[in-house]
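Okay, structure first, notes after.
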Amino acid sequence: MSRRKKTLSEEDKGLWNAVKKTAKPLHISKAPAPLARPEKPNLPKPTAPIVREPFDFDLEIGRHAAGGMTGHDLAPSISDRLAQAPLRMDRKKFGKMRKGNLAPEGRIDLHGMTIAQAHPALTRFILSSWAMDRRLVLVITGKGKHRDDDGPIPVRKGVLKHQVPHWLHMAPLRDAVLQVTEAHLKHGGTGAYYVYLRRKK
Numbered sequence: 005m006s007r008r009k010k011t012l013s014e015e016d017k018g019l020w021n022a023v024k025k026t027a028k029p030l031h032i033s034k035a036p037a038p039l040a041r042p043e044k045p046n047l048p049k050p051t052a053p054i055v056r057e058p059f060d061f062d063l064e065i066g067r068h069a070a071g072g073m074t075g076h077d078l079a080p081s082i083s084d085r086l087a088q089a090p091l092r093m094d095r096k097k098f099g100k101m102r103k104g105n106l107a108p109e110g111r112i113d114l115h116g117m118t119i120a121q122a123h124p125a126l127t128r129f130i131l132s133s134w135a136m137d138r139r140l141v142l143v144i145t146g147k148g149k150h151r152d153d154d155g156p157i158p159v160r161k162g163v164l165k166h167q168v169p170h171w172l173h174m175a176p177l178r179d180a181v182l183q184v185t186e187a188h189l190k191h192g193g194t195g196a197y198y199v200y201l202r203r204k205k
């Protein structure tokens, strides 16, 4: 026995259309896409462990160290700096001066003075010698006393010996000074300086 296909009546169709107009569609959220699997880093292949031979502690440690303890490295010395300074005076006269064959026309002894006393005394002496048209003068500083050098901070020997060349190359003395070098032994050696003055204009 065949079933008869049911059809909606016109009234049912109208009712269905009215319901369709008021209905709101449901928004079904999509499931998030699965995360991509991270790529494996290219790690270097493990190497065989380095096997070191045991060593004798007492003999090995310090074997390659430089022998002997060295003192503080204070470089360059004032003697080296003056020796390497450019030559500004006549070469022949400079040679005679270094050999002690030129007699200083004036001298000042700063040995035993403090820095506060020595600086103005040196300034007066150099400028007055320059005003008198002297060319070669001698500045005696002394070599400095030996002090204990066991502390953590190295200390140079002879404060005035190191300070005087610095003052001579600063204003106002640099306008008067042409050349500075350590004196010959007969004029004090490393405890004194020859100061060769410029000609006045």
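Number 21 in our numbering belongs to position 17 of the sequence shown; there are no gaps in the numbering. Ideal Cβ placement from N, Cα and C applies to all residues, glycine included. Given the structure is predicted, the values throughout are model-derived calculations rather than measurements.
DSSP on residue i, reduced to helix/strand/coil?
i, result
"A22", "helix"
"L86", "helix"
Can you give me the C-alpha to C-alpha distance between residue i and residue j, rounded to a whole angstrom?
i, j, result
"M93", "A87", "14 Å"
"V159", "L142", "No answer about V159 holds up, because its pLDDT of 46 lies below 50 and its placement is not dependable."
"K97", "G116", "31 Å"
"K204", "W134", "7 Å"
"L201", "G104", "17 Å"
"S13", "L19", "10 Å"
"F61", "H173", "At F61 the pLDDT is 47, less than 50, meaning the model places this residue with poor confidence; the figure from the coordinates comes in the next sentence. The alpha-carbon atoms of F61 and H173 are separated by roughly 55 Å."
"T145", "A175", "20 Å"
"I130", "L182", "12 Å"
"T74", "K190", "Unreliable placement is indicated for T74, whose pLDDT of 49 sits below 50; the coordinate value is still reported in the next sentence. One C-alpha to the other measures close to 33 Å."
"E15", "K28", "23 Å"
"D113", "R128", "13 Å"
"L126", "R95", "26 Å"
"D84", "L177", "22 Å"
"K24", "T11", "18 Å"
"P90", "P48", "59 Å"
"L106", "K147", "22 Å"
"S132", "L140", "13 Å"
"D194", "R138", "In the sequence as displayed, the identity of residue 194 is Thr instead of Asp. Their backbone Cα atoms lie some 22 Å apart in a straight line."
"R41", "K17", "53 Å"
Among the options, which has the Cα closest to the Cα of residue i?
i, options, result
"M136", "V199, E109, T127 and T118", "E109"
"H170", "W20, K28 and I82", "I82"
"G99", "V184, R111, I144 and G192", "V184"
"A180", "A89, V199, T118 and R111", "V199"
"E186", "L177, L126, D84 and Y197", "Y197"
"R111", "L177, K25 and G192", "G192"
"T118", "R139, V168 and P90", "V168"
"M101", "H188, T26 and N21", "H188"
Quick one: is residue i near chain B, going by C-beta distance under 8 Å?
i, result
"D179", "Absent from the structure is chain B; it holds one protein chain and no more."
Please go through the stretch 107–194 and give each complete beta strand (DSSP E) segment of 3 or more residues, from N-terminal end onward. DSSP runs (the beta strand (DSSP E)) wholly in the stretch 107–194: 110–113, 140–144 and 181–186.
Are there three or more Cβ pairs, one per stretch, closer than 8 Å when the stretch 121–129 is compared with the stretch 161–175? Under the Cβ criterion (8 Å, minimum of three pairs), the stretch 121–129 counts as touching the stretch 161–175.
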